[in-house]
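Q: I'd like to ask you about the structure that follows.
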Amino acid sequence: MMNMSQIDYDVLAKKIQEIADWRYLPSDVIGRKVGVTARSLQRYMFQMRERGMLPAPSKMKPETYKNYLKLKNYMATHRAS
Numbered sequence: 215m216m217n218m219s220q221i222d223y224d225v226l227a228k229k230i231q232e233i234a235d236w237r238y239l240p241s242d243v244i245g246r247k248v249g250v251t252a253r254s255l256q257r258y259m260f261q262m263r264e265r266g267m268l269p270a271p272s273k274m275k276p277e278t279y280k281n282y283l284k285l286k287n288y289m290a291t292h293r294a295s
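Be aware that the sequence shown starts at 215, since it is given in the working numbering, and climbs by one per residue.
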């Protein structure tokens, strides 16, 4: 786990952006993948957004995004000929 004295925002922003669909995941899931607690990650992400290192949070909820992916997959496999 990283602590505040060791944080490198550029490296952390890159790690976060490498996670597929990171904008739709809860902070505890992202935190586990990058080795930061959820509470600290929320604070770091807020600071990175203020610095322009990360885009604004998605307005779409994770459940809605999952449904979108299911629908997209269904449409891709059941195209009308």
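Ideal Cβ placement from N, Cα and C applies to all residues, glycine included.
Below 8 Å CB to CB, which residues in the same chain sit around Tyr258 once its five sequence neighbours on both sides are set aside?
A: The residues are Ile221, Tyr223, Leu226, Val250.
Q: What is the DSSP secondary structure of Asp184, counted as helix, strand or coil?
A: The chain is shown only over 215 to 295; residue 184 falls outside these bounds and no answer can be derived.
Q: Within 10 angstroms of the Cβ of Gly245, are there 16 or more other Cβ atoms? Answer buried if so, exposed if not.
A: Classification for Gly245: buried.
Q: Report back the beta-carbon spacing between Arg263 and Ala270 to the nearest angstrom; my notes put them in contact at under 8 Å.
A: Correct: roughly 6 Å between the Cβ atoms.
Q: For Gly266, which three-state DSSP category applies?
A: Coil.
Q: For Ile221, which three-state DSSP category applies?
A: The answer is coil: DSSP assigns Ile221 none of H, G, I, E or B.
Q: So what's Met245 in DSSP terms, helix, strand or just coil?
A: Inspection of the sequence shows that residue 245 is occupied by Gly rather than by Met. Here Gly245 sits in helix by DSSP.
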